[in-house]
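Contents: one structure, followed by commentary.
Residue numbers (the working numbering): 16 to 383.
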């Protein structure tokens with residue numbers, strides 16, 4: 016069996032690494048990895064964390080490139096790769112421009128598509144944009160849908176996907192998280208924080224949050240929090256130019272507010288484990304924080320991961336008052352502000368990649 020795995024961004028690399036590693040354990044499977052370069056600076060780093068390499072690097076990202084440009088370039092470039100590799104399956108993950116373009120290219124070439132992390136929905140086509148529509152479209156192109164939760168499976172069934180084509184397997188990010196905990200030095204997370212101070216980890220990268228108004232609100236909230244609380248804030252900032260001015264203003268604002276370059280996955284996991292709470296707009300971090308038992312404040316108005324709201328996650332958006340109020344409540348709580356790792360297992364327990372590979376192998380051996 017020949018399998019072509021498509022990766023465009025670092026989160027895709029992290030979530031697909033356990034699947035690739037598991038596929039490589041099968042001598043009768045030829046697995047090839049193709050990078051589109053959607054996140055040029057961070058993508059190879061995501062694979063290297065798991066000691067993996069790419070067989071193709073399309074390196075398609077250009078400065079100022081629109082979503083349409085990116086999709087068109089991936090769609091065109093994929094024809095060459097598909098003709099060269101002639102895979103039995105194309106595996107895509109999530110909802111990126113690379114994922115939808117690769118799925119469509121595979122469909123045009125008559126190649127079966129397996130969609131990892133299928134069925135996530137907010138119900139609003141513009142939240143997030145364009146990811147919500149991307150994943151809905153991929154669902155119409157895929158032959159196999161690997162849903163992380165029963166609610167994701169239900170979403171797919173409501174859209175007319177046959178139950179027999181859906182496999183509830185948990186989320187591969189938990190597999191990746193467990194792998195990362197066993198890699199590297201446990202002391203490599205660069206916090207430089209006083210162990211007696213509570214650590215707030217902050218990340219921000221979603222397109223809809225990188226407007227001047229929303230960035231200003233988040234910036235104000237962080238300044239107030241570090242000034243009013245005996246806490247340490249670490250903010251690994253995304254290399255998006257839209258963040259540059261905010262980063263510059265925050266960098267020298269307070270010694271307990273540290274702006275740092277993006278971390279590779281293993282030290283980032285260590286940082287999450289040290290955090291008292293996490294402030295983020297990332298989907299993957301919502302899942303990781305839930306598994307690690309960390310309170311997470313989601314800087315969005317909705318989430319396609321409703322399960323995390325059953326744990327210690329709260330939607331706060333980017334309103335500065337909402338952020339300050341929620342963080343203050345957690346920091347001042349007399350009760351423990353996190354649960355033991357692994358007690359929230361709704362998103363999986365680390366066996367998602369095995370289930371995905373088992374199903375792919377079963378599909379290949381099934382009579383046609």
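By construction, the Cβ of each residue, glycine as well, lies at the ideal position given by its N, Cα and C atoms.
Inset, instruction - Could you check if residue 309 is buried or exposed, using at least 16 other CB atoms within 10 Å of its CB as the buried criterion? - result: Counting of Cβ neighbours within 10 angstroms places residue 309 among the buried residues, the total reaching 16 or more.
Legend entry - Cβ-Cβ separation, residue 219 to residue 314 (assumed contact under 8 angstroms), whole Å: 7 angstroms
Legend entry - Opening and closing residue of the alpha helix (DSSP H) in which residue 38 lies: 25-38
Inset, instruction - Below 8 angstroms on the Cβ atoms is my guess for residue 400 versus residue 30; work out the distance and round it to an integer in Å. - result: Here the chain covers residues 16 to 383 and nothing more, so residue 400 does not appear.
Legend entry - Paired residues, beta bridge with residue 108 - DSSP: 131
Legend entry - Beta-carbon gap between residue 292 and residue 345 smaller than 7 angstroms: yes
Legend entry - Start-to-end residues for the alpha helix (DSSP H) that takes in residue 169: 165-173
Legend entry - alpha helix (DSSP H) segment containing residue 85, residue limits: In the DSSP annotation of this structure, the continuous segment of the alpha helix (DSSP H) that includes residue 85 starts and ends at 82-100.
Legend entry - Status (buried if at least 16 other CB within 10 Å, exposed otherwise) for residue 110: With 16 or more Cβ atoms within 10 Å of its Cβ, residue 110 is classed as buried.
Inset, instruction - Compute the Euclidean distance between the alpha carbons of residue 65 and residue 368, then round it to the nearest angstrom. - result: In this structure, the straight-line span from the alpha carbon of residue 65 to that of residue 368 is close to 14 angstroms.
Inset, instruction - Please state whether DSSP places residue 328 in a helix, a strand or coil. - result: In the three-state DSSP reduction, residue 328 falls in the strand class (E or B).
Legend entry - Those runs of the alpha helix (DSSP H) which lie wholly inside the segment 221-277 and span at least 4 residues: 227-243, 259-266
Inset, instruction - Report, in whole angstroms, the separation of the C-beta atoms of residue 163 and residue 132, which I expect to be a contact under 8 angstroms. - result: 6 angstroms
Inset, instruction - Figure out for me which residue from 105, 104, 332, 53 has the closest Cα to the Cα of residue 80. - result: 53
Legend entry - Supposed close pair residue 233, residue 333 - CB separation, criterion 8 angstroms: 6 angstroms
Inset, instruction - Could you tell me how far apart the beta carbons of residue 108 and residue 279 are, in whole angstroms, since I believe they sit closer than 8 angstroms? - result: Actually they do not touch by this definition, with Cβ atoms about 19 angstroms apart.
Inset, instruction - Find out if the Cβ-Cβ distance for the pair residue 23, residue 185 is shorter than 7 angstroms. - result: no
Inset, instruction - For the segment 252-267 and the segment 170-185, state whether three or more C-beta atom pairs, one from each stretch, are separated by less than 8 angstroms. - result: No, because fewer than three Cβ pairs between the segment 252-267 and the segment 170-185 fall closer than 8 angstroms, the two stretches do not touch.
Legend entry - Contact set for residue 85: own chain, Cβ-Cβ below 6 angstroms, skip 5 residues either direction: Counting only Cβ-Cβ distances below 6 angstroms, and skipping sequence neighbours, we find 112.
Legend entry - CA nearest to the CA of residue 331, picked from 229, 144, 156, 250: 229
Legend entry - Buried/exposed call for residue 73, threshold 16 Cβ in 10 Å: buried
Legend entry - Rounded straight-line distance, which links the Cα of residue 119 to that of residue 384: The structure shown does not extend to residue 384, since the chain is modelled only from 16 to 383, so the question has no answer here.
Inset, instruction - Could you spell out where the beta strand (DSSP E) holding residue 47 opens and where it closes? - result: 45-50
Legend entry - residue 276 versus residue 366 - alpha carbon distance: Cα to Cα, residue 276 sits roughly 31 angstroms from residue 366.
Legend entry - Nearest-angstrom Cα separation, counted from residue 328 out to residue 261: 25 angstroms
Inset, instruction - Look at residue 97 and residue 88 and say whether their C-beta atoms are less than 7 angstroms apart. - result: no
Inset, instruction - Label residue 198 either buried or exposed according to how many other C-beta atoms from any shown protein chain fall within 10 Å of its C-beta, with 16 as the threshold for buried. - result: exposed
Legend entry - Nearest-angstrom Cβ-Cβ length linking residue 212 and residue 245, presumed shorter than 8 angstroms: 6 angstroms
Inset, instruction - Would you mind working out which of 50, 83, 82, 78 sits nearest residue 68, comparing C-alpha positions? - result: 50
Inset, instruction - Starting from residue 195, follow the alpha helix (DSSP H) in both directions and report where the run begins and ends. - result: 187-196
Legend entry - Closest Cα partner of residue 223 within the set 142, 180, 263: 142
Inset, instruction - Use the C-beta contact count for residue 78: other C-beta atoms within 10 angstroms, 16 or more gives buried, fewer gives exposed. - result: exposed
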